[in-house]
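The block underneath contains the structure these notes are about, expressed in structure tokens.
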Amino acid sequence: MMQTRFIKPAPGLLVRMPNGNVLPAEGAEVEMNSYWLRRLEDGDIDVVRTVKGKKS
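For any residue, its number in my numbering is found by taking its place in the sequence shown, counting from 1, and adding 2.
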């Protein structure tokens, strides 16, 4: 199961989401897949917080 995190673009950057849209400046909740892990490693995004999983 992948972790969900709330992320924002690094200051001054526009970051594309996998669907082609731009990651909103206010941030978004995403599943930390290989795409977002590469953006994090490159310094393109900042992780604001880890989002707790929902109980079923």
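Where a beta carbon is used, it is the ideal one built from N, C-alpha and C, also for glycine.
Cβ-based neighbour list, residue i, same chain, cut-off 7 Å, excluding 5 preceding and 5 following
i          : result
residue 15 : 46
residue 41 : 17 and 47
residue 4  : 33, 34 and 35
Other residues of its chain near residue i: CB distance less than 8 Å, five sequence neighbours each side excluded
i          : result
residue 28 : 10
residue 37 : 20
residue 51 : 7 and 8
Exposure of residue i, with buried meaning 16 or more beta-carbon neighbours within 10 Å
i          : result
residue 25 : buried
residue 7  : buried
Proximity below 8 Å, CB of residue i to CB of residue j
i          : j          : result
residue 31 : residue 49 : no
Could you tell me which uninterrupted alpha helix (DSSP H) segments, each at least 4 residues in length, are contained entirely in the stretch 13-55, listed from first to last along the chain? 36-44
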